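Asker: Residue numbers (the numbering used here): 149 to 255.
Quick one: the structure is below, and I'll ask about it shortly.
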Amino acid sequence: MARRKMTAQQQIEKGLSELAFGSCSDAIKLLFMSDEEIMQRLPKLKLINISEIKRPKGGGMEIKFFDRIKAFERLMDAGNNGADGSLSFYEALEKSARSTAEDDRNG
């Protein structure tokens, strides 16, 4: 069975759900990896929540995340406009929870 192509609105809502509800655990792992480990594992890490990564001259790493509250607000706005076919906030929350549970089972 062919997969249905997502509309732009669905893609936006999926991205917002990932920002709002996504795990930060891969970003934390990144902080403790060596440079070699980072290069090997980087393609497999889920880093959608990260807006910026810096390596200061003194060493270490700074990671800035996207604002979850803004993502929640955008999802709620989309839910309030549900008449146009967009997801309600609770549906987005439910989808995100299912997606997170699947991610946890898969690795």
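The beta carbon of each residue, even a glycine, is placed where N, CA and C say it ideally should be.
For clarity, every value in this text was computed on a predicted model and none was experimentally measured.
Can you tell me whether residue 164 is buried or exposed, with buried defined as 16 or more other CB within 10 angstroms of its CB?
Answerer: Within the sequence shown, residue 164 is the residue found at index 16, counting from 1. By the 10 Å Cβ count, residue 164 comes out buried.
Asker: Would the beta-carbon of residue 194 fall within 9 Å of that of residue 171?
Answerer: As a first step, residue 194 is located in the sequence shown; it is residue number 46 there, counting from the start. As a first step, residue 171 is located in the sequence shown; it is residue number 23 there, counting from the start. In contact: residue 194 and residue 171 (Cβ atoms closer than 9 Å).
Asker: Grab the span of the alpha helix (DSSP H) containing residue 180 for me, first residue to last.
Answerer: As a first step, residue 180 is located in the sequence shown; it is residue number 32 there, counting from the start. Looking at the DSSP string, residue 180 is not in any alpha helix (DSSP H), and its letter there is neither H nor E.
Asker: Under three-state DSSP, which class holds residue 213?
Answerer: By 1-based counting over the sequence shown, the position of residue 213 is 65. Strand at residue 213.
Asker: Between residue 246 and the rest of its own chain, which residues show a CB-CB distance below 7 Å, the 5 nearest in sequence each way excluded?
Answerer: Along the sequence shown, read from residue 1 onward, the residue named residue 246 stands at position 98. Excluding sequence neighbours, residue 246 sits near nothing in its chain.
Asker: Please determine, among 156, 168, 153, the residue with the shortest C-alpha to C-alpha distance to residue 215.
Answerer: Numbered from its first residue, the sequence shown carries residue 215 at position 67. When only C-alpha atoms are compared, the closest one is 168.
Asker: Within a Cβ cutoff of 6 Å, which residues of the same chain sit near residue 244, ignoring the five residues on either side of it in sequence?
Answerer: On the sequence shown, residue 244 is found 96 positions in, with the first residue counted as 1. Hits under 6 Å: 165, 169.
Asker: Taking just the CA atoms, how far does residue 226 sit from residue 197?
Answerer: Position 49 of the sequence shown, counted from the first residue, corresponds to residue 197. Position 78 of the sequence shown, counted from the first residue, corresponds to residue 226. Residue 197 and residue 226: Cα-Cα distance of roughly 20 Å.
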